[in-house]
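Asks:
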Amino acid sequence: MNESLNEEKSRLLWKKILAEAENMPTLPDIVNKVLEQIENPNSNPDIFKEIISQDPMLTAKVLKMSNSAYYGFSREIVTLSEAIIILGLDTLKSLVIAASAFKSLNQQYDGYGLSKGDLWKHSLATAVSATLITKIHNYQDTEKFFVAGLLHDIGKIVLSKTLEKYNKSIATLVKMREISFDIAEREVLGFNHCDVGAELARYWKLPELFVDVSKHHHTPDEAFPENGLYVKVIHIADMIAYDAKLGLGVDGSFYKRDRKIFQEFKIDRKTTQEIIPKVRTSIREFEKALI
Ligand SMILES: [Fe+2]
Ligand SMILES: [Fe+2]
Numbered sequence: 000m001n002e003s004l005n006e007e008k009s010r011l012l013w014k015k016i017l018a019e020a021e022n023m024p025t026l027p028d029i030v031n032k033v034l035e036q037i038e039n040p041n042s043n044p045d046i047f048k049e050i051i052s053q054d055p056m057l058t059a060k061v062l063k064m065s066n067s068a069y070y071g072f073s074r075e076i077v078t079l080s081e082a083i084i085i086l087g088l089d090t091l092k093s094l095v096i097a098a099s100a101f102k103s104l105n106q107q108y109d110g111y112g113l114s115k116g117d118l119w120k121h122s123l124a125t126a127v128s129a130t131l132i133t134k135i136h137n138y139q140d141t142e143k144f145f146v147a148g149l150l151h152d153i154g155k156i157v158l159s160k161t162l163e164k165y166n167k168s169i170a171t172l173v174k175m176r177e178i179s180f181d182i183a184e185r186e187v188l189g190f191n192h193c194d195v196g197a198e199l200a201r202y203w204k205l206p207e208l209f210v211d212v213s214k215h216h217h218t219p220d221e222a223f224p225e226n227g228l229y230v231k232v233i234h235i236a237d238m239i240a241y242d243a244k245l246g247l248g249v250d251g252s253f254y255k256r257d258r259k260i261f262q263e264f265k266i267d268r269k270t271t272q273e274i275i276p277k278v279r280t281s282i283r284e285f286e287k288a289l290i
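Per numbering that gives the first Met the number 0: the sequence shown = residues 0 to 290.
1) One question on the structure: do A147 and G246 come within less than 8 Å of each other, judged by their Cβ atoms?
2) Does at least one heavy atom of ligand 1 sit under 7 Å from the Cβ of D152?
3) Need the endpoints of the alpha helix (DSSP H) that Y241 sits in, please.
4) Within this structure, are the beta carbons of G87 and L162 separated by less than 8 Å?
5) Taking all protein chains shown into account, do 16 or more other C-beta atoms lie within 10 angstroms of the C-beta of P219, making it buried, or fewer, making it exposed?
6) Who are S108's beta bridge partners in DSSP?
7) Taking 7 Å as the cut-off, is the C-beta of H136 nearer than that to any heavy atom in ligand 2?
8) Determine the closest residue to E7 out of L188, T58, L289, with distance taken between C-alpha atoms.
9) Assuming F253 and S168 make a contact with CB atoms under 8 Å, what is their CB distance in whole Å?
10) In whole angstroms, what separates the C-alpha of E184 from that of E198?
11) Are there 16 or more other CB atoms within 10 angstroms of the CB of K155, so buried, or fewer, so exposed?
12) Starting from I84, follow the alpha helix (DSSP H) in both directions and report where the run begins and ends.
13) Have a look at N5, I96, W13 and flag the residue whose alpha-carbon is nearest the alpha-carbon of L57.
14) What do you reckon, is the C-beta of L237 under 7 Å from a heavy atom of ligand 1?
15) Quick one: give me the first and last residue of the alpha helix (DSSP H) that V249 is part of.
16) Just how far apart, CA to CA, sit A288 and Y70?
17) Taking contact to mean 3 or more Cβ pairs, one atom from each stretch, closer than 8 Å, check whether the region 102-118 and the region 206-225 are in contact.
18) Between which two residues does the alpha helix (DSSP H) harbouring K204 extend?
19) Would you tell me roughly how many angstroms separate the C-alpha atoms of L91 and T141, rounded to the nearest one?
20) Do D54 and I29 have their CB atoms nearer than 8 Å?
21) Do you know whose CA, among K265, K231, S159, lies nearest A20's CA?
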């Protein structure tokens, strides 16, 4: 049985998907402003205060998050200036992006068997687990890993509708040939959620790093060398999120992990089992504050 699309059909479908990606609501302007600041070595607290205070909802969320158990500060934080000083710029950047990406990620995506909230949970679990890996290795720019984790599967937002028609053929191929879900996806459609995610990241004008993470989180060896560290950590974090069975969907149990990358980062079964409960607690506290 060959359910794969022929070249012509695949090309037409890709064009349709690109048009859909282009018509997706863009991330709020504020996210792009914050992402620009992540890339800017001269960014300072005043710039952030100015950006965030333009959005009263976001200001309220930042204050609520600052006072949440996730960050565990002992005294109440009442002003944005205080929140910026106490949380630090890096944490604040992650928080603003999480609050803004929440709406898009917190939908139902039937093509991937994801109920409402599942993609958000999986994305947040990947973000938190990436942050925990950076702590093991003492990496500095944890917010980049957090945001990369949060946005790695955005391709599913666009591709889900199409996948409703093809997920059975993809699942059959996965089982028959024992291949990774992303490979089967590409074999049936001619492209997969990674290709679509990279295009969406470009339309959203996200920095190149996040384009590369979307594109290669299942094939980290193919990432640009300068993004390799991020892509590899997100690859591991993604698999840990699936091990934790957070937002598993129809595909989550069928991705192949790159064992040599797990070895390179010294993440064995024992470390994974230590990370999972921490991820669960963190996302519970994060969500309590955000929703
Ligand atoms: Fe993925
Ligand atoms: Fe994922």
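Don't be surprised by glycine CBs; every beta carbon is placed ideally from N, CA and C.
Replies: Working from what's here:
1) no
2) yes
3) 227-242
4) no
5) buried
6) Here residue 108 is Tyr; the residue named in the question, Ser, does not match the sequence. According to DSSP, Y108 bridges with L113.
7) no
8) L188
9) Between S168 and F253 the Cβ distance is about 14 Å, and since that is not below 8 Å, they are no contact.
10) 16 Å
11) buried
12) 79-86
13) I96
14) It is worth fixing the name first, because residue 237 is Asp in this sequence and not Leu. Indeed, a heavy atom of ligand 1 lies less than 7 Å from the Cβ.
15) Premise fails: V249 is in no alpha helix (DSSP H) and is neither H nor E.
16) 10 Å
17) no
18) No alpha helix (DSSP H) contains K204, which DSSP labels as neither H nor E.
19) 11 Å
20) yes
21) Of K265, K231, S159, the smallest CA-CA separation from A20 is found for S159.
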